[in-house]
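What follows is the structure, encoded as structure tokens:
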């Protein structure tokens with residue numbers, strides 16, 4: 003079983019690429035759109051002339067970031083990713099900052115990918131139009147259900163659609179270039195329209211223009227999201243892990259860059275006009291096209307142009323694009339709980355999120371992620387453009403912090419490293435990371451400056467909330483730890499109670515009661531008595547009679563209950579024992595039904611549960627549940643085990 | 003403490019009347035409206051000429067019903083009410099039918115009373131208009147909060163508003179009669195309008211007319227809701243309980259009847275025109291008044307006419323009416339959980355609803371009631387007229403069944419009763435109950451016939467669902483009971499395990515662990531070992547080292563955990579012990595933190611909890627929680643106790 007798992011899950015490069023790249027690659031489905039429509043605010047000409055330059059800058063940044071992360075992969079093969087790098091080199095606060103950013107980003111990855119996927123589907127299947135938000139939520143629900151059921155992601159499941167997507171996009175690009183060269187590349191449907199500038203953007207001064215270009219650029223940086231995925235997944239690679247991871251990273255970068263540039267160039271050649279507010283900005287013969295006009299995604303328009311003579315291609319592109327976007331969203335469903343468990347390990351999130359091997363721990367994470375993402379999709383009506391505004395800031399927060407951390411890392415090692423060759427390598431790495439830090443830092447500033455009012459502010463706020471929440475949790479755990487530590491030489495906690503006073507709670511005489519009595523007797527306590535609460539006198543006397551008839555060798559004591567309560571009389575009685583002989587240990591045996599369905603749980607054990615809870619507050623009292631397995635409970639246990647999401651990227 | 007309670011809560015008649023009558027009396031706030039607007043469907047004249055006759059019939063029915071219930075009160079002083087009468091005399095199915103009807107009715111009592119109260123408030127405070135539903139939900143929320151906090155209803159709290167209400171309404175009536183006699187009773191504002199028949203009601207044939215009259219009558223029967231309250235509350239009365247209860251019932255009936263008739267007569271004298279669809283039915287000079295016209299409740303219009311020269315009176319009436327309607331709703335908040343606990347006692351609802359003395363049990367009931375009522379208020383937009391359609395059917399189902407039950411009751415007793423005087427009394431009672439049964443049965447048929455399509459159908463459906471749900475729960479409990487009964491002479495369940503194998507789970511060495519070890523050792527098991535799960539090897543070896551350093555006198559065993567799980571390795575190990583020596587008892591000691599806040603609960607004990615749950619499925623294993631009370635847990639216990647709703651009417 004275990005070895006199978008290992009065999010199944012350690013990934014060769016050709017599987018690792020699709021598993022970790024889907025997020026990064028999928029952004030080619032919306033990044034170009036964002037560049038075009040932002041430039042388009044100032045009218046069609048700017049978009050046509052500047053888009054490819056903007057794209058080039060984005061590509062440059064991407065190259066640098068990928069170079070930098072190749073260093074991370076080598077230096078931190080453990081899979082802690084940015085969080086680990088930041089924590090180790092810049093301290094827990096920095097790590098927590100990165101963590102908050104990543105958590106927010108996972109939510110946005112789902113929201114953006116799904117929204118984009120839905121918009122994409124709409125350009126192929128008209129009936130989706132107008133119901134984007136609903137469809138989006140449904141897709142999220144399906145993903146959630148799948149991940150809750152614990153379907154283990156298999157490399158293959160990722161490989162097929164991802165490679166199909168690469169093939170489709172690059173195939174489209176090649177075919178487009180070919181038609182361009184052979185001079186029969188048709189124009190996009192929107193080419194016949196003119197793109198009027200948005201109000202207030204008609205005459206832009208140099209500064210305003212620069213600002214707009216920067217805004218377009220930072221929108222385009224959406225293409226970089228998901229680049230860090232591999233650095234979190236090194237353990238999942240086959241040996242030599244770091245080398246393979248680094249290579250895969252490079253591969254992924256190259257492909258992403260190629261796709262992005264091709265899309266932008268094709269969009270230009272086919273004269274795509276893409277507007278943020280199509281109804282008013284797009285003019286046909288000088289007249290706004292109005293609300294009836296439906297604006298396809300750039301990918302959609304380009305494919306329709308390139309495959310003008312081959313409609314199947316259009317549908318294919320749109321389908322695989324939709325698929326990879328869903329996969330991208332799914333990576334978040336895997337990453338979020340994993341990061342959660344790392345944070346839990348460090349005491350920043352509830353401990354149980356760390357516990358492996360049961361799905362419950364991860365279910366919470368999955369549900370939180372899904373809920374938050376669905377909320378965003380509804381609030382922003384599945385509008386990618388508006389969601390993007392929140393998106394990129396988190397990515398670059400973690401990029402920047404982690405790159406700064408890497409520089410620190412190399413500084414530390416350089417202090418001890420003697421071997422000149424090694425020093426040379428470290429120097430080089432340090433330069434690369436330094437450049438990476440500077441560049442991503444700059445981009446972060448640009449993003450903040452250009453997008454803060456457009457929504458990035460919300461993302462920052464969310465991060466802050468998470469940051470302080472996690473800090474508070476950690477503080478709580480520390481407080482408890484201090485409260486529980488035993489001073490050296492302090493032995494009073496090892497003192498044995500003098501006697502054991504055992505009490506078996508009895509409601510009526512049935513198998514669970516008899517078992518409880520037998521178990522209690524087996525522990526040979528100093529005192530053993532059965533206890534019942536006299537709620538209905540006649541019932542009690544009946545019980546007493548049967549007790550004697552069966553001559554059960556344990557005395558039965560009945561507590562009066564003026565208000566027909568059960569809990570309080572028992573608690574009071576136990577307390578009285580404690581006060582009479584404080585050094586005794588009181589053990590209360592409570593028979594408990596083990597049932598098979600949640601609704602049966604509602605029908606049983608409630609008063610036992612309440613009693614447990616109440617007794618726990620009394621020191622010197624121990625509560626023992628004596629389980630009785632009802633027939634319905636059979637087989638339930640097996641259903642409790644099952645695969646857990648994120649195994650693949652954890653390399654388990 | 004206990005005696006105080008008793009003193010505080012056993013009710014003299016003058017307090018019992020307001021406590022139990024608020025529901026019945028409050029219906030005068032909406033019953034007349036329903037009669038008028040139903041008749042009004044056929045135009046103004048019918049309403050003017052027939053309303054008081056309809057009211058008379060309602061009064062007649064009420065008299066009969068009250069006479070009948072005086073018999074119940076004497077025969078069943080235990081407070082089981084209709085449910086008990088039906089179960090005892092007609093069997094559990096009949097009882098369950100009544101129970102379903104009552105549960106549905108409690109929900110409707112809240113919905114109708116609150117909605118009517120809000121409509122009433124609207125006629126005094128204009129700003130409420132248009133937000134009825136919202137205001138209604140808010141009021142329900144407030145009531146819920148109060149009842150959840152466990153405010154004990156005190157007789158006084160009921161007495162003041164109820165007596166104020168009686169005083170206000172009867173005072174208004176007397177003043178109105180006086181002005182009428184002295185000939186200066188002004189007309190209502192709507193008197194100047196004409197009331198046009200609703201489409202389709204212009205020319206009613208004899209049959210249709212009769213049907214309409216019946217419909218008006220069954221709407222008017224809303225006045226009877228809450229009459230049975232006293233028969234559920236006999237134990238709360240001072241001795242002689244039954245006599246006092248019967249007298250109070252009579253008193254209540256007289257007052258209710260007086261109020262109802264006065265309202266109807268005053269409405270006629272002041273020429274109130276009241277329409278179901280005021281905008282189109284009410285004409286000013288032949289033209290519909292339209293949506294701008296706001297139609298006050300009958301109570302509102304009458305008070306404005308009677309107190310034309312004394313506006314304060316109008317406000318007063320409207321305020322006390324609002325108050326008593328809220329009180330009426332509150333009675334449901336007390337009755338619903340009480341009935342729930344009786345049903346739970348009989349195994350028709352989850353057992354824990356029966357457990358007294360902790361608020362949790364009742365909280366569930368309160369929340370369910372509030373949720374359902376709020377839903378109705380929202381769905382029906384706080385429209386009393388539409389809610390009434392669902393309301394009355396439940397009342398008369400329970401009236402009818404319980405009266406039939408009473409007849410059976412007397413038959414049974416007559417078989418054994420010898421004393422002629424006694425027989426005579428029983429005969430008389432039987433006649434009364436027989437009449438009661440026949441009459442309420444007839445009304446029930448009328449209600450069903452006239453209202454089924456208008457909404458009574460939904461009520462019936464809801465009752466059916468509850469009926470079968472409760473039947474299913476009972477079946478489940480019976481199945482479990484059979485599964486657990488020990489055959490006479492079957493002693494194998496008393497067999498003692500041969501040895502006790504104790505296992506203490508250890509994560510790290512702190513006070514809770516040491517306490518668990520001490521407790522485990524105190525029980526002197528045959529075998530005792532400490533168990534830890536090796537998730538992080540270095541942590542484990544550190545633990546082992548400290549273990550030896552502190553020379554803890556218990557061997558520490560470390561289980562390997564390939565997947566960094568905690569639960570499964572332990573479960574597997576325990577099972578292996580069971581298989582090696584099946585006759586041993588395995589006791590697993592789990593240290594558990596006792597915390598003070600729910601959110602701390604989220605941060606602790608989760609893996610312990612999971613482990614407990616898993617181990618419970620293995621027979622021959624007993625799980626002992628060894629509590630460690632964290633500082634934050636202090637004082638929590640006290641907060642757990644508190645008064646419980648419905649105490650007053652249970653006479654506790």
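Residue numbers (the numbering used here), protein chains in the order written: chain F, 3 to 654; chain U, 3 to 654.
Even for Gly, the Cβ is constructed at its ideal location relative to N, Cα and C.
Can you list the residues of chain F that residue 487 of chain U reaches, using a CB-CB cut of under 7 Å?
Position 485 of the second chain holds residue 487 of chain U. Neighbours of residue 487 of chain U on chain F, chain order: 512.
Start and end residues, alpha helix (DSSP H) containing residue 301 of chain F:
The count along the first chain starts at 1 and reaches residue 301 of chain F at position 299. Where residue 301 of chain F is concerned, the enclosing alpha helix (DSSP H) stretches over 300 to 308.
Examine chain U for any beta-carbon lying closer than 8 Å to the beta-carbon of residue 28 of chain F, and answer yes or no.
By 1-based counting over the first chain, the position of residue 28 of chain F is 26. So no, residue 28 of chain F is outside the interface.
8 Å Cβ cut-off: residues of chain F touching residue 475 of chain U
By one-based count along the second chain, residue 475 of chain U stands at place 473. Within 8 Å Cβ-Cβ: 605.
Give the interface partners of residue 594 of chain U over in chain F, defined as CB-CB distance under 8 Å, in chain order.
Your numbering for residue 594 of chain U matches position 592 in the second chain. Within chain F, the residues near residue 594 of chain U are 618.
What in chain U is Cβ-close to residue 517 of chain F, meaning under 7 Å?
Locating residue 517 of chain F in the first chain gives position 515, counting from the first residue. Listed along chain U are 495, each with a C-beta nearer than 7 Å to that of residue 517 of chain F.
By the DSSP assignment, the beta strand (DSSP E) with residue 559 of chain F in it spans what residues?
Against the first chain, residue 559 of chain F aligns to sequence position 557. 558 to 562 is the extent of the beta strand (DSSP E) around residue 559 of chain F.
Residue 629 of chain F by DSSP, collapsed to three states: which one?
Translated into positions along the first chain, residue 629 of chain F becomes position 627. Of the three classes helix, strand and coil, the one that applies to residue 629 of chain F here is strand, per DSSP.
Do we get a CB-CB distance below 8 Å when we pair residue 628 of chain F with the residues of chain U?
Position 626 of the first chain, counted from the first residue, corresponds to residue 628 of chain F. Chain U contact via Cβ: present.
Terminal residues of the continuous alpha helix (DSSP H) containing residue 313 of chain F?
Counting from one through the first chain, the residue named residue 313 of chain F turns up at place 311. Here the alpha helix (DSSP H) through residue 313 of chain F covers 313 to 347.
Does the ligand PLP have a heavy atom nearer than 7 Å to the CB of residue 531 of chain F?
Looking for the ligand PLP in the displayed structure turns up nothing, as the structure carries no ligands at all.
List in chain order: all unbroken beta strand (DSSP E) runs of 3+ residues lying wholly within the stretch 104 to 175 of chain F.
For the stretch 104 to 175 of chain F, not a single whole beta strand (DSSP E) run of length 3 or above is found.
How about the stretch 110 to 126 of chain U and the stretch 399 to 412 of chain U: do they share at least three Cβ pairs that are nearer than 8 Å?
no
Roughly how many angstroms separate the alpha carbons of residue 332 of chain U and residue 182 of chain U, rounded to a whole number?
Mapped onto the second chain, residue 332 of chain U falls at position 330. Mapped onto the second chain, residue 182 of chain U falls at position 180. Between residue 332 of chain U and residue 182 of chain U, the C-alpha separation is close to 36 Å.
Going by CA-CA distance only, name the one from U:350, U:369, U:345 and U:323 that's closest to residue 335 of chain U.
Locating residue 335 of chain U in the second chain gives position 333, where the first residue counts as 1. Among U:350, U:369, U:345 and U:323, the Cα nearest to that of residue 335 of chain U is on U:369.
Any beta carbon from chain U within less than 8 Å of residue 624 of chain F's own beta carbon?
Start at 1 with the first residue of the first chain, and residue 624 of chain F comes out as number 622. Taking Cβ atoms only, chain U reaches closer than 8 Å to residue 624 of chain F, which makes this a yes.
Just list the residues that DSSP pairs residue 503 of chain U with in beta bridges.
Within the second chain, numbered from 1, the residue matching residue 503 of chain U stands at position 501. BP columns for residue 503 of chain U point to U:529 and U:588.
Proximity below 8 Å, CB of residue 206 of chain F to CB of residue 68 of chain F:
Taking the first residue of the first chain as position 1, residue 206 of chain F is located at position 204. Taking the first residue of the first chain as position 1, residue 68 of chain F is located at position 66. No, these two residues do not count as a Cβ contact at 8 Å.
Just checking: is the beta-carbon of residue 525 of chain F within a distance shorter than 8 Å of some beta-carbon in chain U?
Along the first chain, read from residue 1 onward, the residue named residue 525 of chain F stands at position 523. Yes - at least one Cβ of chain U is within 8 Å of the one on residue 525 of chain F.
Based on the DSSP output, what are the partners of residue 191 of chain F in its beta bridges?
Translated into positions along the first chain, residue 191 of chain F becomes position 189. None; residue 191 of chain F has no bridge partner.
Taking 8 Å as the CB-CB cut-off, is residue 588 of chain F touching chain U?
As a working mapping, residue 588 of chain F is identified with position 586 in the first chain. Taking Cβ atoms only, chain U never reaches closer than 8 Å to residue 588 of chain F, which makes this a no.
How big is the Cα-Cα spacing for residue 682 of chain F and residue 385 of chain F?
Any property of residue 682 of chain F remains undetermined from this structure, which presents chain F solely from 3 to 654.
Contacts of residue 340 of chain U in chain C (Cβ-Cβ under 8 Å)
The structure shown contains no chain C; its protein chains are F and U.
Closer than 7 Å by beta-carbon distance: list the chain F residues that pair up with residue 621 of chain U, in chain order.
In the second chain, the residue the question calls residue 621 of chain U occupies position 619. Going along chain F in sequence order, the residues near residue 621 of chain U (Cβ under 7 Å) are 631.
I need the DSSP call for residue 197 of chain U, collapsed to helix, strand or coil.
As a working note, residue 197 of chain U is residue 195 in the second chain. The answer is strand: DSSP assigns residue 197 of chain U an E or B state.
In chain order, what residues of the same chain have a beta carbon less than 8 Å from the beta carbon of residue 416 of chain F, not counting five sequence neighbours either side?
Along the first chain, read from residue 1 onward, the residue named residue 416 of chain F stands at position 414. Answer for residue 416 of chain F: 425, 428, 429 and 432, listed in chain order.
Nonlocal neighbours in the same chain, by C-beta distance under 6 Å from residue 143 of chain F, ignoring five residues either side
Residue mapping note: residue 143 of chain F aligns to position 141 of the first chain, counting from 1. Cβ within range, chain order: n/a, list empty.
Measuring only between beta-carbons, confirm whether residue 521 of chain F sits less than 8 Å from chain U.
Translated into positions along the first chain, residue 521 of chain F becomes position 519. Yes, contact with chain U.
Residues that residue 499 of chain U contacts on chain F, provided the C-beta gap is smaller than 8 Å
One-based indexing of the second chain puts residue 499 of chain U at position 497. Within chain F, the residues near residue 499 of chain U are 520, 521 and 524.
Would you tell me roughly how many angstroms separate the C-alpha atoms of residue 654 of chain U and residue 558 of chain F, rounded to the nearest one?
By one-based count along the second chain, residue 654 of chain U stands at place 652. By one-based count along the first chain, residue 558 of chain F stands at place 556. At residue 654 of chain U, the pLDDT of 47 sits below 50, so the modelled position is not reliable; the number obtained from the coordinates is stated separately. Going from the Cα of residue 654 of chain U to the Cα of residue 558 of chain F covers about 28 Å.
Going by the CB atoms, is the gap between residue 510 of chain F and residue 630 of chain F shorter than 8 Å?
Counted from its first residue, the first chain places residue 630 of chain F at position 628. Counted from its first residue, the first chain places residue 510 of chain F at position 508. Result no, Cβ atoms of residue 630 of chain F and residue 510 of chain F do not sit closer than 8 Å.
If we count the other Cβ atoms within 10 Å of its Cβ and call it buried at 16 or more, is residue 462 of chain U buried or exposed?
Stepping through the second chain from its first residue, residue 462 of chain U is reached at position 460. Flag for residue 462 of chain U reads buried.
Check for me: the beta strand (DSSP E) holding residue 286 of chain U runs from which residue to which?
In the second chain, the residue the question calls residue 286 of chain U occupies position 284. If you look at residue 286 of chain U, you'll find it in the beta strand (DSSP E) that goes 284 to 286.
For residue 534 of chain F, the residue or residues it bridges with in DSSP:
As a working note, residue 534 of chain F is residue 532 in the first chain. Answer is F:560, bridged to residue 534 of chain F.
DSSP three-state call for residue 14 of chain U: helix, strand or coil?
Residue numbering aside, residue 14 of chain U sits at position 12 when the second chain is read from its first letter. Three-state result, residue 14 of chain U: coil.
Ignoring anything shorter than 4 residues, give me the alpha helix (DSSP H) runs that lie fully in the stretch 236 to 273 of chain U, in order along the chain.
243 to 271
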